[in-house]
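Each protein sequence line maps, in turn, to chains A and R.
The opening residue of the first sequence carries number 2 in my numbering; numbering runs sequentially from there.
The opening residue of the second sequence carries number 57 in my numbering; numbering runs sequentially from there.
The beta carbon of each residue, even a glycine, is placed where N, CA and C say it ideally should be.
This one's a predicted model, so the numbers in the text were calculated from it and none came from an experiment.
Comments concern the structure below.
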Amino acid sequence: MTETLVPVFAALGDETRWSILRELGQTDASASALAGRLPVTRQAIAKHLAVLQEVGLVEPVRVGREVRFRVVGAELSAVARRLEAVGAEWDRRLAAIKEIAESL
Amino acid sequence: MSMTINPGAVVDESGFSVTRSIRIAAPVENVWAAVTEPEHVSRWFGRLELDGREATASGSLSWPDGTRIPIRIEAIDPLRSVSYRWGNDDALADAPAELDESSSTVFTFTLTAVDGGTELTVLETGFEATSDPVYNLESHRTGWNEELDKLVALVESEA
């Protein structure tokens, strides 16, 4: 069995979860703190955080009596690198196609 | 390693895709030949062998090093667009002999006549299903903020 990115992509297919990731990209935060910054209830934030945690995009960190969430970057950066590499391959192929078509 | 922003990567409901466009100073007919005729495809991609020229025609792409990848025409609209499905899963050590719907991607060329030539756009979709060695192997976490910024810029650049 090979791991695939399906669960990560599924988790990312939601505007609110992107907002949460952007906020957490600035600084670690608790569900309550996120609810104060985003137009979403604390309960909804908690559900979204659970989805993100499930696929390994965030992890809880206990700070005193508070549980804050922190983003885990490896999966996302892997996605970005993969797409970047695919794009670079197409740049090369398109340049070759251009050369061929223009010389026909 | 520095990471450049991929201007063509987009996120949508079905997953991630990569798209690129290029202007070619040649008529649509020539560009069409370059992206569909096996003798030309072999020059920019790999040796293309197909059992037909219509949708569902299947065959393989192969390279001198012995790599062979299954490929199929998904749709074809002469001089306008052509879609190929291929087993583009770099993470697998050995390419599968048969096309696996769940782990292959589809790339579509769209040709548009423009002043002075042709605009050729390629869109490749389906990456959410392919395996990824980096994803599998990377367990360390570093430089998160920078990476998130880059990814957000990347997915929003064409949103």
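{"Query": "Within 10 Å of its beta-carbon, does Gly143 (chain R) have 16 or more other beta-carbons around it, so buried, or fewer, so exposed?", "Result": "buried"}
{"Query": "Measure the CB-CB distance between Ile132 (chain R) and Glu110 (chain R) and report whether it falls below 8 Å.", "Result": "yes"}
{"Query": "Verify whether the separation of the beta carbon atoms of Pro140 (chain R) and Glu154 (chain R) is less than 8 Å.", "Result": "It is worth fixing the name first, because residue 140 (chain R) is Tyr in this sequence and not Pro. For Tyr140 (chain R) and Glu154 (chain R), no; Cβs fall outside 8 Å."}
{"Query": "Please list, in chain order, the chain A residues whose beta carbon lies closer than 7 Å to that of Trp100 (chain R).", "Result": "Arg94, Ala97, Ile98 and Ile101"}
{"Query": "Can you have a look at Val62 (chain A) and say buried or exposed, based on whether 16 or more other CB atoms are within 10 angstroms of its CB?", "Result": "exposed"}
{"Query": "Is it buried or exposed for Val68 (chain A), if we count other Cβ within 10 angstroms and need 16 for buried?", "Result": "exposed"}
{"Query": "Out of R:Glu105, R:Glu95 and R:Ala81, point me to the one whose CA is closest to Ala113 (chain R)'s CA.", "Result": "R:Glu105"}
{"Query": "Name, please, each residue of chain A whose Cβ falls closer than 7 Å to the Cβ of Leu176 (chain R).", "Result": "Leu95 and Ile98"}
{"Query": "Per DSSP, what are the beta-bridge partners of Leu167 (chain R) in this structure?", "Result": "R:Leu176"}
{"Query": "Got a sec: is the Cβ-Cβ distance from Asn62 (chain R) to anything in chain A below 8 Å?", "Result": "Note on Asn62 (chain R): pLDDT 37, under 50, position unreliable in the model; the coordinate value appears next. Interface residue, yes."}
{"Query": "How is Leu193 (chain R) classed by DSSP in three states: helix, strand or coil?", "Result": "Residue confidence for Leu193 (chain R) is low, a pLDDT of 30 falling below 50, so the modelled location carries little weight; the figure read from the coordinates is stated next. Note: Leu193 (chain R) maps to helix in three-state DSSP."}
{"Query": "Select from the segment 72 to 85 of chain R all residues with a C-beta closer than 9 Å to any C-beta belonging to chain A, and list them in chain order.", "Result": "Phe72, Ser73, Val74, Thr75, Arg76, Ser77, Ile78, Arg79, Ile80, Ala81, Ala82, Pro83 and Glu85"}
{"Query": "In chain A, which residues lie less than 8 Å from Ala90 (chain R) when you measure between Cβ atoms?", "Result": "Ile98, Ile101, Ala102 and Leu105"}
{"Query": "Would Glu85 (chain A) be called buried (16 or more neighbouring beta carbons within 10 Å of its own) or exposed?", "Result": "buried"}
{"Query": "Is Ala147 (chain R) helix, strand or coil when you go by DSSP?", "Result": "Interpretation of Ala147 (chain R) is limited by its pLDDT of 46, a score under 50 that renders its predicted location unreliable; the figure taken from the coordinates is listed afterwards. Coil."}
{"Query": "Taking C-beta to C-beta, are Val87 (chain A) and Glu180 (chain R) nearer than 8 Å?", "Result": "yes"}
{"Query": "Going by C-alpha distance, which of A:Leu22, A:Ala96 and A:Leu95 is nearest Glu60 (chain A)?", "Result": "A:Leu22"}
{"Query": "Report buried or exposed for Trp119 (chain R), applying the criterion of at least 16 other Cβ atoms within 10 angstroms of its Cβ.", "Result": "exposed"}
{"Query": "If you drop the 5 nearest sequence neighbours on each side, which residues of the same chain put their C-beta closer than 6 Å to that of Thr177 (chain R)?", "Result": "Ser77 and Thr166"}
{"Query": "Check whether the Cβ atoms of Trp91 (chain A) and Val74 (chain R) lie closer than 8 Å to each other.", "Result": "yes"}
{"Query": "Counting pairs of beta carbons, one from the segment 90 to 105 of chain A and one from the segment 44 to 58 of chain A, are three or more of them closer than 8 Å?", "Result": "no"}
{"Query": "Mind listing the chain R neighbours of Leu106 (chain A)? Cutoff is C-beta to C-beta under 8 Å, in chain order.", "Result": "Lying outside 2 to 105, the shown extent of chain A, residue 106 (chain A) is not represented and no answer is given."}
{"Query": "Considering Ser114 (chain R), what are the terminal residues of the alpha helix (DSSP H) in which it resides?", "Result": "Note, Ser114 (chain R): premise wrong, no alpha helix (DSSP H); beta strand (DSSP E) at Ser114 to Ser118."}
{"Query": "Would Val87 (chain A) pass as an interface residue toward chain R - the criterion being a Cβ-Cβ separation below 8 Å?", "Result": "yes"}
{"Query": "CB-CB under 7 Å to Val41 (chain A), same chain, minus the five flanking residues each way: which ones, in chain order?", "Result": "Thr17"}
{"Query": "Would DSSP call Val104 (chain R) helix, strand or coil?", "Result": "Here residue 104 (chain R) turns out to be Leu, not Val, going by the sequence shown. Note: Leu104 (chain R) maps to strand in three-state DSSP."}
{"Query": "Provide the residue span of the alpha helix (DSSP H) that contains Val7 (chain A), from first to last.", "Result": "Val7 to Leu13"}
{"Query": "With 7 Å as the C-beta to C-beta threshold (strictly closer), list the residues of the segment 33 to 59 of chain A near chain R in chain order.", "Result": "none"}
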